[in-house]
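All remarks here apply to the structure that follows.
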Amino acid sequence: MKPDPQSRVSRDGINNTAALRVLANVEDMLIAVLVFAIFCVVLAGILSRFVFHVSLSWNIEVSVTLMIWMTFIGIAVGVRDKVHVAFELFEDKLSGRWLMLASLFQMLLMGFLLVALAWGGWQFMQLGLDQMTPSGIPQWISFTAIPAGSALGLLHLAAHAWDLAARAGLDAAPQGHNQNHGHTETRAQ
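Heads up: take any position in the sequence shown, counting from 1, add 1, and you land on our numbering.
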């Protein structure tokens, strides 16, 4: 599953729907906001220590929480943009139906990983419902990033699988015939 060399993100088929475009924009904006927030929190810690000679008790925990969220949203963005780990060694040697089967196999493996992450993250989040960090931040806030990012990744993976299935259906359609309400017409050549 290689990214489209023409653009950063292949927006074909179901991935071109308005809802998924909006979701992609929200994810990109969220990543940017998280990066900026991490920068601000770390800078506040540095300034407070070296300029004001006061150590903040919360900045490390907040920056780690933001980093966790950025990581798991980033996983979903990686799946969306098809920049995740792939078996390119084999893909380069395959074509047609075999390439499609290899892509499907990779999607199944990725789906299994994301479902396992979502399930484990959900259980981990449940454990953190009654726990607080030393700074008083509820731990479930950090742990929620795991099932949230995994669910977003699964959504993008399902969209890619839908597109793959649609392409497979188009590739399997007879060449030279037009399907129209159950009637087959021959195209003029």
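Note that the Cβ used here is the ideal one computed from N, Cα and C, for glycine as well.
Give me the Cβ distance between residue i and residue j, rounded to the nearest whole Å; I'm assuming they're in contact under 8 Å.
i, j, result
"leucine 156", "methionine 101", "In fact, because the Cβ distance is near 21 Å, the residues do not count as touching under 8 Å."
"glycine 122", "isoleucine 147", "3 Å"
"leucine 115", "glycine 154", "5 Å"
"glutamine 140", "glutamine 127", "In fact, because the Cβ distance is near 11 Å, the residues do not count as touching under 8 Å."
"alanine 119", "alanine 152", "6 Å"
Using C-beta distances below 7 Å, list every residue in its chain close to residue i, excluding the 5 sequence neighbours before and after it, in chain order.
i, result
"alanine 117", "none"
"glycine 150", "Phe73, Ile74, Ile76, Ala77"
"alanine 206", "Absent from the structure is residue 206, since the part of the chain shown begins at 2 and ends at 190."
"glycine 48", "Inspection of the sequence shows that residue 48 is occupied by leucine rather than by glycine. Nothing listed; no residue qualifies."
"valine 36", "Met71"
"asparagine 26", "none"
Identify which residue in the options has its Cα closest to the Cα of residue i.
i, options, result
"leucine 158", "Val84, Ala167, Gly112", "Gly112"
"serine 104", "Gln127, Val36, Arg168", "Arg168"
"leucine 67", "Arg81, Ile47, Ser49, Val42", "Val42"
"methionine 71", "Val34, Ala20, Trp141, Val80", "Val34"
According to DSSP, is residue i helix, strand or coil?
i, result
"proline 135", "coil"
"asparagine 17", "helix"
"serine 96", "coil"
"histidine 161", "helix"
"valine 55", "coil"
"threonine 145", "coil"
"valine 42", "helix"
"aspartate 29", "helix"
"leucine 130", "coil"
"valine 84", "coil"
Which same chain residues, not among the five before or five after residue i, have their C-beta less than 6 Å away from its C-beta?
i, result
"phenylalanine 51", "none"
"serine 58", "Ser136"
Here's a check: name, in chain order, each residue in its chain whose Cβ is nearer than 8 Å to the Cβ of residue i, leaving out the five neighbours to either side.
i, result
"isoleucine 39", "Ser64, Leu67, Met68, Met71"
"glutamate 28", "Ile74, Ala77, Val78, Arg81, Leu153"
Q) Counting Cβ pairs, one atom from each stretch, are 3 or more of them under 8 Å apart for the stretch 60–69 and the stretch 132–145? A) Taking a cut-off of 8 Å for Cβ pairs, the stretch 60–69 and the stretch 132–145 touch, as three or more such pairs fall below it.
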